[in-house]
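Asks: Shown below is the structure under consideration.
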Amino acid sequence: MSAAEQLERPLPKPQRDLLGYASARILEALLEGLIALEFLDKGYTRNAAGKAFQAWRALTGALLALEMDKLGKELGSKDKEWLIGKGIPRIPSSRLKSLALLVEEAGYTGYHGYTSIALDLHDYQYHGPDPDLALSKYKSREEAARDTLYLLKKLAEIVEKQAKLKLERAKKWTKDHEEALQRLREKLTISH
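Following this line, the structure appears as structure tokens:
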């Protein structure tokens, strides 16, 4: 199955299958990361920034689903209900920083700061380089490309060192995950 076909499959419902949802979103994050690198290679930094942001959102949803057992102890019933019913499946951009804090509290050091970079890239996608820094945090395409690569490296690192282990234990890490992670690491190492 091609990457495009994998990205178009319906996601499992978090209310019914948190681990299945997490597995699908991790694969989505890896595949979106690969697409971001393809755009960077072609010089499309705004498109690459947008795909890196999408990859980060997918990773955030996956990590929240993976860590629900830890998070559920800390959250009230209404917050937990919102998180499973709306927060995890939608990962609203307006709530991304607060969701990133939950991920960080679950043991992902620095996640909130990386999320700030993802949000900066999201702004750059729409506004492009901005020498006055009024609409975008990036004066140049090169600065945005640098942060795109940095964010994708962090994504690959988090998947490999933390999420992969949890998915392997749950028997939700597949050959597709492994191949996508290997391709992402190779592209990050070789071409950038």
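For the sequence shown, the positions run 15 to 206 when the numbering used here is used. Think of the CB as a built atom: it goes at the ideal place given N, C-alpha and C, for glycine as much as any other residue.
Below 8 angstroms on the Cβ atoms is my contact criterion, and I expect G86 with K94 to pass it. Report the Cβ-Cβ distance as a whole number of Å.
Replies: 6 angstroms
Asks: Any chance the segment 45-57 sits against the segment 69-76, with 3 or more Cβ pairs inside 8 angstroms?
Replies: yes
Asks: Could you give the distance in angstroms between the alpha-carbon of V117 and the alpha-carbon of Y128?
Replies: 11 angstroms
Asks: Can you give the Cα-Cα distance for L135 and R109, rounded to whole angstroms?
Replies: 16 angstroms
Asks: Out of K153, L33 and K189, which has the shortest C-alpha to C-alpha gap to H141?
Replies: K153
Asks: For A148, count neighbouring Cβ atoms within 10 angstroms of its own Cβ and tell me buried if that reaches 16, exposed if not.
Replies: exposed
Asks: Which word fits P24, buried or exposed, when buried means at least 16 other C-beta atoms lie within 10 angstroms of its C-beta?
Replies: So P24 ends up on the exposed side.
Asks: Measuring straight from C-alpha to C-alpha, what distance separates D137 and A66?
Replies: 12 angstroms
Asks: Compare the Cα-Cα distances from K151 to each of L51, A63 and E193 and report the closest residue.
Replies: A63
Asks: Just to confirm my understanding: we take L169, look at its own chain, exclude 5 residues before and 5 after, and list those with CB closer than 7 angstroms. What are they?
Replies: A43, G47, A69, W70 and L73
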